[in-house]
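Colleague: Sequence order for the protein chains is A and R. For the first sequence, numbering that gives the first Met the number 0 gives the first residue as 0, with consecutive numbering after it. For the second sequence, numbering that gives the first Met the number 0 gives the first residue as 0, with consecutive numbering after it. Cβ coordinates follow ideal geometry from the N, Cα and C atoms, glycine included. Owing to the predicted nature of the structure, the values given are computational and were not obtained by experimental measurement. I'd like to ask you about the structure that follows.
Number of protein chains: 2
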Amino acid sequence: MLIIDKHSYEPLYIQIYQQLKNKIISGELCEGSVLPSIRTLAATLMVARNTVDSAYQQLCSEGYVLGKVGSGYKVQKIDIPNMVHPNAKLLDFTNVVEEVQVSDTVKYDFQYGKLDIANFPLRIWRKLLNYVLLSDEVRGITDYNEKKGDLALRIQIMKYLHESRGVICRPEQIILCSGAMSALSLICKLFDTKTVAIEDPSFDSAREIFVNHGYRLNPVSLASDGIDLEQLKVLDTKLLYTTPSHQFPTGIVMPINKRLHLLDWANQNGAYIIEDDYDSELRYNSRPIPSIHSLDQNGRVIYINSFSKALAPGLRMGFVVLPQALLEKYNFNFSNYNCSIPWLEQKVMYHFMEQGHWNRFLNKISVSNKRRHDILISTINSQMSKHTTIYGKNAGLHILLEVDNGMSEHELIEAASQVDVKVYPVSNYWINAQNYSNNMVLIGYSSLSEDEILEGIVRLSSAWF
Amino acid sequence: MLIIDKHSYEPLYIQIYQQLKNKIISGELCEGSVLPSIRTLAATLMVARNTVDSAYQQLCSEGYVLGKVGSGYKVQKIDIPNMVHPNAKLLDFTNVVEEVQVSDTVKYDFQYGKLDIANFPLRIWRKLLNYVLLSDEVRGITDYNEKKGDLALRIQIMKYLHESRGVICRPEQIILCSGAMSALSLICKLFDTKTVAIEDPSFDSAREIFVNHGYRLNPVSLASDGIDLEQLKVLDTKLLYTTPSHQFPTGIVMPINKRLHLLDWANQNGAYIIEDDYDSELRYNSRPIPSIHSLDQNGRVIYINSFSKALAPGLRMGFVVLPQALLEKYNFNFSNYNCSIPWLEQKVMYHFMEQGHWNRFLNKISVSNKRRHDILISTINSQMSKHTTIYGKNAGLHILLEVDNGMSEHELIEAASQVDVKVYPVSNYWINAQNYSNNMVLIGYSSLSEDEILEGIVRLSSAWF
Numbered sequence: 000m001l002i003i004d005k006h007s008y009e010p011l012y013i014q015i016y017q018q019l020k021n022k023i024i025s026g027e028l029c030e031g032s033v034l035p036s037i038r039t040l041a042a043t044l045m046v047a048r049n050t051v052d053s054a055y056q057q058l059c060s061e062g063y064v065l066g067k068v069g070s071g072y073k074v075q076k077i078d079i080p081n082m083v084h085p086n087a088k089l090l091d092f093t094n095v096v097e098e099v100q101v102s103d104t105v106k107y108d109f110q111y112g113k114l115d116i117a118n119f120p121l122r123i124w125r126k127l128l129n130y131v132l133l134s135d136e137v138r139g140i141t142d143y144n145e146k147k148g149d150l151a152l153r154i155q156i157m158k159y160l161h162e163s164r165g166v167i168c169r170p171e172q173i174i175l176c177s178g179a180m181s182a183l184s185l186i187c188k189l190f191d192t193k194t195v196a197i198e199d200p201s202f203d204s205a206r207e208i209f210v211n212h213g214y215r216l217n218p219v220s221l222a223s224d225g226i227d228l229e230q231l232k233v234l235d236t237k238l239l240y241t242t243p244s245h246q247f248p249t250g251i252v253m254p255i256n257k258r259l260h261l262l263d264w265a266n267q268n269g270a271y272i273i274e275d276d277y278d279s280e281l282r283y284n285s286r287p288i289p290s291i292h293s294l295d296q297n298g299r300v301i302y303i304n305s306f307s308k309a310l311a312p313g314l315r316m317g318f319v320v321l322p323q324a325l326l327e328k329y330n331f332n333f334s335n336y337n338c339s340i341p342w343l344e345q346k347v348m349y350h351f352m353e354q355g356h357w358n359r360f361l362n363k364i365s366v367s368n369k370r371r372h373d374i375l376i377s378t379i380n381s382q383m384s385k386h387t388t389i390y391g392k393n394a395g396l397h398i399l400l401e402v403d404n405g406m407s408e409h410e411l412i413e414a415a416s417q418v419d420v421k422v423y424p425v426s427n428y429w430i431n432a433q434n435y436s437n438n439m440v441l442i443g444y445s446s447l448s449e450d451e452i453l454e455g456i457v458r459l460s461s462a463w464f
Numbered sequence: 000m001l002i003i004d005k006h007s008y009e010p011l012y013i014q015i016y017q018q019l020k021n022k023i024i025s026g027e028l029c030e031g032s033v034l035p036s037i038r039t040l041a042a043t044l045m046v047a048r049n050t051v052d053s054a055y056q057q058l059c060s061e062g063y064v065l066g067k068v069g070s071g072y073k074v075q076k077i078d079i080p081n082m083v084h085p086n087a088k089l090l091d092f093t094n095v096v097e098e099v100q101v102s103d104t105v106k107y108d109f110q111y112g113k114l115d116i117a118n119f120p121l122r123i124w125r126k127l128l129n130y131v132l133l134s135d136e137v138r139g140i141t142d143y144n145e146k147k148g149d150l151a152l153r154i155q156i157m158k159y160l161h162e163s164r165g166v167i168c169r170p171e172q173i174i175l176c177s178g179a180m181s182a183l184s185l186i187c188k189l190f191d192t193k194t195v196a197i198e199d200p201s202f203d204s205a206r207e208i209f210v211n212h213g214y215r216l217n218p219v220s221l222a223s224d225g226i227d228l229e230q231l232k233v234l235d236t237k238l239l240y241t242t243p244s245h246q247f248p249t250g251i252v253m254p255i256n257k258r259l260h261l262l263d264w265a266n267q268n269g270a271y272i273i274e275d276d277y278d279s280e281l282r283y284n285s286r287p288i289p290s291i292h293s294l295d296q297n298g299r300v301i302y303i304n305s306f307s308k309a310l311a312p313g314l315r316m317g318f319v320v321l322p323q324a325l326l327e328k329y330n331f332n333f334s335n336y337n338c339s340i341p342w343l344e345q346k347v348m349y350h351f352m353e354q355g356h357w358n359r360f361l362n363k364i365s366v367s368n369k370r371r372h373d374i375l376i377s378t379i380n381s382q383m384s385k386h387t388t389i390y391g392k393n394a395g396l397h398i399l400l401e402v403d404n405g406m407s408e409h410e411l412i413e414a415a416s417q418v419d420v421k422v423y424p425v426s427n428y429w430i431n432a433q434n435y436s437n438n439m440v441l442i443g444y445s446s447l448s449e450d451e452i453l454e455g456i457v458r459l460s461s462a463w464f
């Protein structure tokens, strides 16, 4: 017998459906038994026939009963041994593990990558977002759009790359991705021989992506002017991942000669160079250095970059420029891939660039980042120049600091935390740890104020010397 | 001799730098020759010393000259044979290929996936976006945030999945991705044995992702109640990709029995089931059907879904729910992966769900989609029921229409276009084409008005019969 509660928040047909389902699962209603006709049950329960009909339809669509016109609704065989009642599992929200990254309480956090919200063009961004939401462009939000990303935006990026990086390409070579690392994921799928030469040290995130795509890593150590060509030449690989503008993490700038030699190597071996141009917009004592791509005559360079270092990592916006040969492979193998960047972001970024805000913004932040950089360097020099060496200054958002006080990397970080300062390890960027002197820390300066930078360095000096 | 133009828009130091660089590349300034001292050149050109200094710094950082304190600036060897001048390549914007997807001009386009902008909660979305932009939450935009996605949003999704799909999980099992297919890309990297069983027919985009990750596809054909278990059981595979709630494209709903047998298969073989629950929110004559995940007692089901079918594909927002064993592998191998969804979208979606808009929205659109669905079905029945069979009604945003008039799929589509109606092929969803009768078309109804649907079907009937 079914009990229904006409005052319950649960629709009547749900109550009927639930009780019948439970009777079937428990076996009370066994295989082959026929449910009462809709008319009969409706009358017994004093509900509308539609109500019973809906309940039966639900049982049919879930496969508990089979409804045949004329012959009524027959219970089906549910024949998995000791099956538990689907509703048996109940979620206890009280013991939900909340793995929040508790926002670090360290006062002077020299974190790398995080930017100062004060530098973000919030007013303009908000204006453009509202403009797009109120314009006809908003229609794109309920559609799948151009698979490589909005063409208008790709043309803006094409122009910017040409003017600022000497990169010459057509918009169809540009594919928008959720940051440079997701561009790298895409590249990984374009090669069949899964080996790559990679600078050692280098981004651990890039290494992780190669490994997760089944690549064997060939670490190549660094000379004073960047990647060691002799080591590279003896390797059996057709792919190189490099950060020539500002080698990560060492900050080495690859000179023109080595760039040309790299291209020569690629041409000789039919190899490709992945040029990760990650913070090339940010240089403080000179213009950005022309990319390897700008020197490439034979389509050997895959160029990747993002808006994370200059504008905002939280936008998750980057791109890859594919040479012709790889572009054809992409067009063939990735014809169903949708651009992973939301429509609104793409349109806002398009207007941001098209209206010249991007170029103005770059000038503005390189001034404010240069100020941070200069106070960092001058304070280090005044406080501890004798026992420290700075690597990778005059560009980007970080430096490496080598400290000669007998402390290991770990001890340096520990001592810093004692004076409420957070600096970061470098060891995780090395593949061959033995090449690392283990007396360095990474110092990011893009999120602290000038005063905080100064005070932070003073404290470090007191903690280390 | 250098010529500089004090009225040029180009900064003086750039002019000096450019001319010196060109002389070095052309060989006019040969290896070893020493540049004039800063003082001398500044005097000759009548510019500030800083200006010359900047030009020299740029040449140094690019590696054209080597600057030694005291011994001046010495030109370096640029020794690549017949190197072309970097500035030789010039971009001709006039012949930039614009591969715009010209918006289709067909009047009655039964496109699948595109939604009606009128259904999108534009006012609320805009309100929430502005709220986030003006609140302290906006800080996340200049930071790298939680790698699996905003915890608050993942908790909302966890609750929704529990209530509506019977999926029971903890927030740390949920990883936000740029749509269901990018969730699938992630899953592909979690398995070493690269074979997968996949329903035939099925999403071509899913197949493409498996192939691009090096997977061998084991097609399994469909019985009337979904995937053929006997075929599956004889396969040597530990992974199955399925769409049980509304098999794509056939629309078959997998009954409870088969779901339990699939779980049984997975338990016996230590296999995993990827349950793509892609349009389960949209059902028109019954409640959503409990997911396979809700029946799973042993962590054999990987659940994926997105907000693309119900809310908006242009948001590029989806997620995967990983079982414990795979979660550990993910945490270990993907520790550096950043969530690919922009911060603003995540926060807006969080507030959208937390304030109850999402549930209200689901009710609203299932009403409007049901209206579209009903007019589509009734018109087909009234116009051409005798010679057509409808597959996959009562759910989702599309149906398959089998047409028995002797025309092939291609001919059906051609005939439709003659009356300004666009319907879509199905053949591309089959791996084994011989299993396909080649007399079907796919009809999506989520972007047309009821009148357009009615008129479109009337035209199809006239074109086909």
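Check for me: the beta strand (DSSP E) holding T387 (chain A) runs from which residue to which?
Modeller: Element bounds for T387 (chain A): T387 to Y390.
Colleague: Whose C-beta lies closer than 6 Å to the C-beta of S184 (chain R) among residues of the same chain, with five residues either side of it excluded?
Modeller: Cβ within range, chain order: I208.
Colleague: Anything in chain A within Cβ reach of F119 (chain R), meaning under 7 Å, just list it in chain order.
Modeller: Those are I140 and T141, listed as they occur along chain A.
Colleague: Using 9 Å as the threshold, is the C-beta distance between R125 (chain A) and N129 (chain R) below it?
Modeller: Yes, they are a contact pair.
Colleague: What did DSSP end up calling D373 (chain R) once you bin it into helix, strand or coil?
Modeller: In the structure shown, D373 (chain R) sits in a helix (DSSP, three-state: H, G or I).
Colleague: When burial is assigned at 16 or more other CB atoms within 10 Å of the CB, is D295 (chain A) buried or exposed?
Modeller: Buried.
Colleague: Spatial neighbours of N118 (chain R) within its chain, please: CB distance less than 7 Å, with the 5 preceding and 5 following residues excluded, ordered by chain position.
Modeller: Counting only Cβ-Cβ distances below 7 Å, and skipping sequence neighbours, we find I364 and S367.
Colleague: Once the 5 residues before and after V300 (chain A) are set aside, which same chain residues still bring their CB inside 6 Å of it?
Modeller: Once the five neighbours on either side are set aside, the close Cβ partners of V300 (chain A) are I272, E274, I291 and H292.
Colleague: Would V397 (chain A) pass as an interface residue toward chain R - the criterion being a Cβ-Cβ separation below 9 Å?
Modeller: According to the sequence provided, residue 397 (chain A) is His. The question's Val does not apply to it. Chain R contact via Cβ: absent.
Colleague: Please report the distance separating the alpha-carbon of S339 (chain A) from that of S177 (chain A).
Modeller: Cα to Cα, the separation comes out at about 6 Å.
Colleague: Please list the segments of the beta strand (DSSP E) lying wholly inside the region 166-245 of chain R, counting only runs of 3 or more residues, in order along the chain.
Modeller: Runs found: 173-176, 194-199, 215-222 and 238-241.
Colleague: Check the Cβ of P254 (chain A) against every Cβ in chain R and list those closer than 7 Å, keeping chain order.
Modeller: Going along chain R in sequence order, the residues near P254 (chain A) (Cβ under 7 Å) are E61 and G62.
Colleague: Give a yes or no on whether the minimum CB-CB distance between Y428 (chain A) and chain R is below 9 Å.
Modeller: It does not: the Cβ of Y428 (chain A) has no partner Cβ on chain R nearer than 9 Å.
Colleague: Can you list, in chain order, the residues of its chain whose CB lies under 7 Å from that of G148 (chain R), leaving out five sequence neighbours each side?
Modeller: Taken in chain order, the residues that qualify are I174, L175, C338, I340 and Q345.
Colleague: Taking a Cβ distance cut-off of 9 Å, strictly less, list which residues of the region 195-218 of chain R are near chain A, in chain order.
Modeller: Listed in sequence order: F202, D203, S204, A205, R206, E207, I208, V210, N211, H212 and G213.
Colleague: Mind checking the region 341-355 of chain R against chain A and listing, in chain order, the residues whose C-beta falls within less than 7 Å of any C-beta there?
Modeller: Per Cβ criterion, the list reads P341, W342 and E344.
Colleague: Is it right to say C29 (chain R) is buried, meaning 16 or more other beta carbons lie within 10 angstroms of its own, or is it exposed?
Modeller: The residue is exposed, with fewer than 16 neighbouring Cβ atoms inside 10 Å.
Colleague: Got a sec: which bits of the region 305-331 of chain R sit with their beta carbon under 9 Å from any beta carbon on chain A, in order along the chain?
Modeller: Correct list: S307, L310, A311, P312, G313, L314, R315 and M316.
Colleague: Could you list the residues in the region 277-302 of chain A with a C-beta less than 7 Å from some C-beta on chain R, going in chain order?
Modeller: So the close ones are N284, S285, R286, I288, P289, S293, L294 and Q296.
Colleague: How about G31 (chain R): is its Cβ closer than 8 Å to a heavy atom in the ligand MG?
Modeller: Inclusion of the ligand MG in the displayed structure is not the case, the ligand content being empty and no account of it being possible.
Colleague: A196 (chain A) and T236 (chain A) look like a contact to me (Cβ under 8 Å); what is the Cβ gap, rounded to whole Å?
Modeller: So it is a contact: roughly 5 Å between Cβ atoms.
Colleague: Measuring only between beta-carbons, confirm whether Y271 (chain A) sits less than 9 Å from chain R.
Modeller: No, its Cβ sits nowhere closer than 9 Å to a Cβ of chain R.
Colleague: Mark R215 (chain A) as exposed unless 16 or more other C-beta atoms lie within 10 angstroms of its C-beta, in which case mark it buried.
Modeller: Its Cβ having fewer than 16 others within 10 Å, R215 (chain A) is exposed.
Colleague: Check whether chain R comes within 9 Å of V137 (chain A), counting only Cβ atoms and requiring the distance to be less than that.
Modeller: It does: the Cβ of V137 (chain A) has a partner Cβ on chain R nearer than 9 Å.
Colleague: Would you give the residue range spanned by the alpha helix (DSSP H) that S305 (chain R) belongs to?
Modeller: S305 (chain R) -> not in any alpha helix (DSSP H); beta strand (DSSP E) instead, spanning V300 to S305.
Colleague: May I ask you to list the residues that DSSP assigns as paired with A462 (chain R)?
Modeller: In the DSSP output, where bridge partners are listed per residue, A462 (chain R) has none listed.
Colleague: Near S436 (chain R), what residues of its chain come up, given a Cβ to Cβ distance below 6 Å and the 5 sequence neighbours on each side ignored?
Modeller: If we look at S436 (chain R) and ignore the five residues flanking it on each side, it has no Cβ neighbours.
Colleague: With DSSP collapsed to three states, give me the class of M439 (chain R).
Modeller: Residue state, collapsed to three classes: strand.
Colleague: Are N284 (chain A) and S36 (chain R) closer than 9 Å when you measure CB to CB?
Modeller: Contact flag unset, no.
Colleague: Report the option in R:D108, R:L262 and R:V425 whose CA atom is closest to the CA atom of S491 (chain R).
Modeller: Since the displayed chain R opens at 0 and closes at 464, residue 491 (chain R) lies outside it and no answer follows.
Colleague: For F351 (chain R), which three-state DSSP category applies?
Modeller: In this structure, F351 (chain R) counts as helix in the three-state DSSP scheme.
Colleague: Starting from Y72 (chain R), follow the beta strand (DSSP E) in both directions and report where the run begins and ends.
Modeller: Counting along the chain, the beta strand (DSSP E) containing Y72 (chain R) begins and ends at G71 to V74.
Colleague: Please classify F92 (chain A): is it buried, with 16 or more other beta-carbons within 10 angstroms of its beta-carbon, or exposed?
Modeller: Because the pLDDT of F92 (chain A) is 49, which lies under 50, any placement of that residue in the model is unreliable, and the number read from its coordinates should be weighed accordingly. Per the 10 Å Cβ criterion, exposed.
Colleague: Are the C-beta of G112 (chain R) and some C-beta of chain A separated by less than 9 Å?
Modeller: Yes - at least one Cβ of chain A is within 9 Å of the one on G112 (chain R).
Colleague: What are the boundary residues of the alpha helix (DSSP H) that H260 (chain A) is part of?
Modeller: Its alpha helix (DSSP H) spans residues I255 to N268.
Colleague: Check for me: the alpha helix (DSSP H) holding M16 (chain R) runs from which residue to which?
Modeller: The sequence shown places Tyr at residue 16 (chain R), rather than the Met named in the question. Per DSSP, Y16 (chain R) belongs to the alpha helix (DSSP H) from L11 to S25.
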